[in-house]
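Enquirer: To start, I am sharing the structure in question, which I have written as structure tokens.
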Amino acid sequence: GDPRGGLITQASSLALHTFAYTRQSRARLSQLCLHPEFHLRAPLFVLVCVFDMSLLKLGSALVRNARAAGVIHAVGNQVAKAGVAASLRSYAALPELPDNASPVRHLFFGNVTKAGHVAIPFPMPLDDDARETLDALVEPVQSYFKNEIDHKEIDVTGKIPDDTMAGLKDLGLFGLQIPEKYGGLELSNSAYARMVECLTDDPSIAVTLLAHQSIGLKGILIFGTEEQKQKYLPKLASGENVAAFALTEPTAGSDAAGIKTRATLSEDGKHFILNGNKIWISNGGTAEVFTVFARTEVTNDKGEKEDKVTAFIVERSFGGIKSGSPEDKLGIRGSNTTQLYFDDCKVPVENVLGEVGGGFKVAMQILNNGRFGLCCGAAGGIKKVIGMIAEFANQREQFGTPISQFGMIKEKFARMEMLGYVSESMGYMSAALIDNKCYPDGAVEAAIAKIYGSEAMWYAVNEALQIMGGSGFIKDFPYERMVRDTRILMIFEGTNEILRLFVALNGMKASGERLKGLQKAMKGGDVGTLMTEGLTRLRRRFLYPEQLEGVVSPLRECAGQFEKHAAVFQHNIEAILKIHGKKVVDQQLLLKRVADQAIDLYGMLCVISRATRTSKANGPTAKHEARLCNLYCAEANNRLFQNTLFIRQNLSGMHPGGADNYDTQIRRIADEVLDKQSYIPAHPLSFKQEQ
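Residue numbers (UniProt numbering): 1 to 691.
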């Protein structure tokens, strides 16, 4: 407050509310600088001008104008020349996300507007010619799966017939993303996702094909040398050879660091000798080419020997490889799943995939790159389920009325439709991010899509069986098989629990680095940096809050909910990091809630973007999509509120009523059960009658 005319208030108001500075506004600010009493407030005004990076040039201009007039006090002059420059250097040195970071990473950083710039408008990665080409591929595949494949026989016999496999090869389904020059179809990720939708008509076939190309040969596509690609990809594209991905071991499931399989360099330096075993390998008994991960001895930068994981391209023809018997599984029974045993398998050194010691990077990039496909496949499965069960619900009558007219049945259909819409939106948004080379990293979004899509599909098939009633439990109908086949989706390519940790920790990494920089500034007494950060946050909170741009008015309420929760989300992240720091990796219940909030926010962003695109195009489904968007955002809104409450209770250590907070109670109950290794409560019939 300035008791002598409000000069600083006027100057601050103009500075803080004017981003596109006109000649008139600059002239007015210059006049204020020349006021006789302005020098008394010059240092304060300089700090106010640090409020936003876009104001700094203006602040410097004002200081120059005022100094030229001889009215700035010596202290103000010193602050202007030294303090601002130092603050600028310190503030600019704080970690910041690039503008082309993926949308979820922007949300972890509080950059709502930038997240919107990436996701809105909803991507349209295929031009008219590409769509026509894709349609020409989809139609025969759909026809083949509908008319030529006996899905029940595959489930009962536990094997895909040879003639069915031959048909899949003829359709080019083994080389969907392999470049044309190696004999493949060279589909983009978005087009590949559409083809995966078709494959989910038979999950056993889908798993066989996805294990082959989504993970089995993906490493050769991403990391292979030209010689490796020329040698292996043509036969993999035709289906003459099948590929498999061999990472999991008895001691290395979600923890890839537990790998025991070892590759030792031969004395002549020409081969790596591979020994060990792998488990749960899809296509393990049928594949000719394997991407195998093993420990190797490497020399680090300090000249010390250490073990690191290396990826290898291994051919069955190398010898020393044995496949176990096919596993008898709950679902996807037609897919081949076996153990693999390596006994002095000689792998040529030229078959190292990537760099020696770089296997963990290879594995993670393969898995991160392919997860969106599972989500799109799940979306395709949900759409199929809706079509099948809706016909039954309209025909089945109880109490003289089709069951489709009952409220609780309607609710099931509405939620299945919503889950399919969100899964489809997430999956294709994630695929487009990977296709668009401007956005180099869509790993977090792909993981979110896999989590959401798999859980959505699980809900849909269970509700479909419930609508069928007793008939759904009978093998004459496909629903019990669909339930069995779907369960694996929450385990494949990273369990959903592990992926939630991946989403939370990867998203929080950049926020943690920035927070560390601010803490360093605080300890070093860097007032300028702290003031700049504080004023920037005030600007975001009160003057120019982060907003989604380009959202149509019918969806503006959804956008408002998203913006509100995104701001709270970023606050939650910082609160967690301030309390736990690096030890946050041990706070799995907190991380789960962070991941769930990230999933809800990404889902909201995807459906808002997609429904906006349909509305602007005046599409025939615009109103329906707007309803789906509103329904999802309303439910996500409630979950976001609830998770924020749990996070804050966890951080405070107490429930508002004074009892242990929710997470503490969960841990204590679980500890007691695991200690006893049994159910603990007294049986209700064990009480003696009161006298």
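Every residue, glycine too, gets a C-beta built ideally from N, C-alpha and C.
Quick one: give me the first and last residue of the alpha helix (DSSP H) that Phe223 is part of.
Expert: Here residue 223 corresponds to residue number 223 of the sequence shown, with the count starting at 1. Where Phe223 is concerned, the enclosing alpha helix (DSSP H) stretches over 218 to 223.
Enquirer: May I ask you to list the residues that DSSP assigns as paired with His580?
Expert: Here residue 580 corresponds to residue number 580 of the sequence shown, with the count starting at 1. Answer is none; His580 lacks a bridge partner.
Enquirer: Which two residues bound the contiguous alpha helix (DSSP H) that contains Gly359?
Expert: The residue given as residue 359 occupies position 359 in the sequence shown. First-last of the alpha helix (DSSP H) with Gly359: 359 to 395.
Enquirer: What is the DSSP secondary structure of residue 703, reduced to helix, strand or coil?
Expert: Not covered by the structure: residue 703. The range shown for the chain is 1 to 691.
Enquirer: Bridge partners for Leu330 per DSSP, in chain order?
Expert: Looking up residue 330 in the sequence shown gives position 330. Looking at the DSSP assignment, Leu330 forms no beta bridge with any residue, so it has no partner.
Enquirer: Could you tell me which residues DSSP pairs with residue 737 in its beta bridges?
Expert: An answer regarding residue 737 cannot be provided, because it is not within the stretch 1 to 691 covered by the chain.
Enquirer: What do you reckon, are the CB atoms on Tyr421 and Leu628 nearer than 8 Å?
Expert: Position 421 of the sequence shown, counting from 1, holds the residue named residue 421. Position 628 of the sequence shown, counting from 1, holds the residue named residue 628. For Tyr421 and Leu628, yes; Cβs fall inside 8 Å.
Enquirer: Could you compute how far the alpha carbon of Ile366 sits from the alpha carbon of Lys346?
Expert: The residue given as residue 366 occupies position 366 in the sequence shown. The residue given as residue 346 occupies position 346 in the sequence shown. So the alpha carbons of these two residues sit roughly 24 Å apart.
Enquirer: Here's the rule I'm using: 16 or more other beta-carbon atoms within 10 Å means buried, otherwise exposed. How should Cys633 be labelled?
Expert: If you number the sequence shown from 1, residue 633 lands on position 633. Buried: at least 16 other Cβ atoms inside 10 Å.
Enquirer: Using three-state DSSP, classify Phe109 as helix, strand or coil.
Expert: Counting from 1 along the sequence shown, the entry for residue 109 is found at position 109. Of the three classes helix, strand and coil, the one that applies to Phe109 here is coil, per DSSP.
Enquirer: Between Ser511 and the rest of its own chain, which residues show a CB-CB distance below 7 Å, the 5 nearest in sequence each way excluded?
Expert: Within the sequence shown, numbered from 1, the residue matching residue 511 stands at position 511. Within the same chain, Ser511 has close Cβ partners Phe108, Phe109, Ile573, Glu574, Leu577.
Enquirer: Between Leu548 and Ile120, is the Cβ-Cβ spacing less than 8 Å?
Expert: Stepping through the sequence shown from its first residue, residue 548 is reached at position 548. Stepping through the sequence shown from its first residue, residue 120 is reached at position 120. Yes, these two residues count as a Cβ contact at 8 Å.
Enquirer: Check whether the Cβ atoms of Lys260 and Arg371 sit closer than 8 Å, and answer yes or no.
Expert: The sequence position of residue 260 within the sequence shown is 260, counting from 1. The sequence position of residue 371 within the sequence shown is 371, counting from 1. Not a contact, by the Cβ cut-off of 8 Å.
Enquirer: Does Cys345 come out as helix, strand or coil in the three-state DSSP assignment?
Expert: As a first step, residue 345 is located in the sequence shown; it is residue number 345 there, counting from the start. In the structure shown, Cys345 sits in a strand (DSSP, three-state: E or B).
Enquirer: In or out: Ala166 buried (at least 16 other Cβ within 10 Å) or exposed?
Expert: The residue labelled residue 166 in the question sits at position 166 within the sequence shown. By the neighbour-count rule (16 or more Cβ atoms within 10 Å), Ala166 is not buried but exposed.
Enquirer: Grouping DSSP H, G and I as helix and E and B as strand, with all else coil, what is Glu249?
Expert: As a working note, residue 249 is residue 249 in the sequence shown. Strand.
Enquirer: Ala244 by DSSP, collapsed to three states: which one?
Expert: As a position in the sequence shown, residue 244 is number 244, starting the count at 1. Note: Ala244 maps to strand in three-state DSSP.
Enquirer: Reducing DSSP to helix, strand and coil, say where Thr337 ends up.
Expert: Walking along the sequence shown from the start, residue 337 turns up at place 337. The answer is strand: DSSP assigns Thr337 an E or B state.
Enquirer: According to DSSP, which residues form a beta bridge with Asn661?
Expert: Along the sequence shown, read from residue 1 onward, the residue named residue 661 stands at position 661. For Asn661, which the question treats as bridged, DSSP gives no partner whatsoever.
Enquirer: What do you reckon, are the CB atoms on Ile281 and Asp344 nearer than 8 Å?
Expert: For this step, residue 281 is matched to residue 281 along the sequence shown. For this step, residue 344 is matched to residue 344 along the sequence shown. No; because the gap between Cβ atoms is not below 8 Å, this pair is not in contact.
Enquirer: Quick one: residues in its chain with C-beta nearer than 7 Å to the C-beta of Gly219, no 5 flanking neighbours on either side, listed in chain order?
Expert: By 1-based counting over the sequence shown, the position of residue 219 is 219. Cβ neighbours of Gly219 beyond the five flanking positions: Thr291, Ala311, Leu353, Val362, Ile366.
Enquirer: Give me the Cα-Cα distance between Gln31 and Thr113, rounded to the nearest whole angstrom.
Expert: Sequence index remark: in the sequence shown, residue 31 carries index 31 (1-based). Sequence index remark: in the sequence shown, residue 113 carries index 113 (1-based). Caution applies to Gln31, whose pLDDT of 48 falls short of 50 and renders its modelled position unreliable; the model cannot decide the point.
Enquirer: Give every residue of the same chain whose Cβ lies closer than 8 Å to the Cβ of Thr621, excluding the five residues on either side of it in the sequence, and list them in chain order.
Expert: Taking the first residue of the sequence shown as 1, we reach residue 621 at position 621. Result list for Thr621: Thr614, in chain order.
Enquirer: Which residues in the same chain as Met468 place their Cβ atom closer than 6 Å to its Cβ, once the five residues preceding and following it in sequence are excluded?
Expert: Taking the first residue of the sequence shown as 1, we reach residue 468 at position 468. Cβ neighbours of Met468 beyond the five flanking positions: Tyr479.
Enquirer: Tell me the DSSP secondary structure of Arg41 in three-state form.
Expert: Translated into positions along the sequence shown, residue 41 becomes position 41. Because Arg41 carries a pLDDT of 42, less than 50, the predicted location of this residue cannot be relied on, and the following value inherits that uncertainty. Residue state, collapsed to three classes: helix.
Enquirer: Kindly indicate the opening and closing residues of the alpha helix (DSSP H) around Phe272.
Expert: Counting from 1 along the sequence shown, the entry for residue 272 is found at position 272. Segment 271 to 282 is the beta strand (DSSP E) holding Phe272; no alpha helix (DSSP H) there.
Enquirer: Using 10 angstroms around the beta-carbon of Ile313, count the other beta-carbons present and answer buried if the total reaches 16, otherwise exposed.
Expert: By one-based count along the sequence shown, residue 313 stands at place 313. The residue in question, Ile313, is buried, as its Cβ has 16 or more Cβ neighbours within 10 Å.
Enquirer: Do Leu499 and Tyr459 come within 8 Å of each other at the CB atom, strictly closer than that value?
Expert: Residue 459 sits at position 459 when you count from the first residue of the sequence shown. Residue 499 sits at position 499 when you count from the first residue of the sequence shown. No, the Cβ-Cβ distance between Tyr459 and Leu499 is not below 8 Å.
Enquirer: Please determine if the segment 386 to 405 and the segment 423 to 434 are in contact, where contact requires at least 3 C-beta pairs separated by less than 8 Å.
Expert: At 8 Å Cβ cutoff, the stretches do not touch.
Enquirer: List the whole-angstrom C-beta distance separating Asn661 from Gly653, where the pair is believed to meet the contact cut-off of C-beta under 8 Å.
Expert: Numbered from 1 along the sequence shown, position 661 holds the residue referred to as residue 661. Numbered from 1 along the sequence shown, position 653 holds the residue referred to as residue 653. Contact flag correct, Cβ pair sits at about 7 Å.
Enquirer: Taking a contact to mean a Cβ-Cβ separation below 8 Å, would you say Asp99 touches Phe145 in this structure?
Expert: One-based indexing of the sequence shown puts residue 99 at position 99. One-based indexing of the sequence shown puts residue 145 at position 145. Against a cut-off of 8 Å, the Cβ pair of Phe145 and Asp99 comes out as no contact.
Enquirer: Taking just the CA atoms, how far does His580 sit from Val118?
Expert: What you label residue 118 is simply residue 118 of the sequence shown in a count that begins at 1. What you label residue 580 is simply residue 580 of the sequence shown in a count that begins at 1. Distance between the alpha carbons of Val118 and His580 is about 31 Å.
Enquirer: On the three-state DSSP scale, how would you describe Ala256?
Expert: Indexing the sequence shown from 1 puts residue 256 at position 256. Here Ala256 sits in helix by DSSP.
Enquirer: Closest by CA to Ala598, which one among Asp586, Ala567, His624?
Expert: Taking the first residue of the sequence shown as 1, we reach residue 598 at position 598. Per the Cα distances, Ala567.
Enquirer: By the DSSP assignment, the beta strand (DSSP E) with Arg262 in it spans what residues?
Expert: The residue labelled residue 262 in the question sits at position 262 within the sequence shown. Looking at the DSSP string, the run of the beta strand (DSSP E) that includes Arg262 is 262 to 265.
Enquirer: I need the boundaries of the beta strand (DSSP E) containing residue 695, first residue and last residue.
Expert: Because the chain in this structure spans residues 1 to 691, residue 695 falls outside the shown range and cannot be described.
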